[in-house]
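Inspection log for the structure reproduced underneath, given as structure tokens.
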């Protein structure tokens with residue numbers, strides 16, 4: 001298998017509400033590949049999709065019910081501590097729940113967490129040890 005990630009699909013309870021959160025709330029532009037039953041956002045080489053939680057679970061042949069921590073977080077790497085604060089403020093204004101207020105963290109950076117309308121956790125972090133290129137792609141050593 002190639003070391004590659006192309007698509008992250010979030011199972012959502014209300015597709016219209018989730019689309020509104022990401023599109024109007026966060027200002028993201030849906031791809032023209034989006035359809036009535038699925039929404040795609042180009043994240044610069046990786047796509048984020050929103051799809052019915054029930055349908056996604058059925059496709060994977062597992063139960064859709066689940067509570068608590070899923071063992072997965074998504075991350076947005078900011079260019080500064082100020083940007084972390086700004087993004088978390090924007091997410092809250094869009095209807096996100098602030099899960100962890102932004103703060104200096106043990107590994108030397110600055111981060112906080114929000115939950116989208118379906119509870120998917122997003123970390124917003126400034127990491128002084130990681131570089132972003134001119135296209136905001138993460139550059140790992």
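Residue numbers (the working numbering): 1 to 141.
Each residue gets a CB set at the ideal place from its N, CA and C atoms; glycine is no exception.
With 16 as the cutoff for other CB atoms within 10 Å, does residue 111 come out buried or exposed? buried
What is the DSSP secondary structure of residue 116, counted as helix, strand or coil? coil
Report the residue from 42, 25 and 26 whose alpha carbon sits nearest the alpha carbon of residue 7. 42
Taking DSSP's pairing of strands, which residues face residue 9 in a bridge? 49
Could you give the distance in angstroms between the alpha-carbon of residue 118 and the alpha-carbon of residue 88? 17 Å
As assigned by DSSP and simplified to three states, the class of residue 16: helix
Where residue 142 and residue 74 are concerned, what is the direct C-alpha to C-alpha distance, given to the nearest angstrom? Residue 142 lies beyond the stretch modelled for the chain, which goes from 1 to 141, so this question has no answer here.
Please name the residue or residues paired with residue 110 in a DSSP beta bridge. 104 and 126
Are at least three pairs of beta-carbons, each pair with one atom in the region 14-24 and one in the region 41-59, less than 8 Å apart? yes
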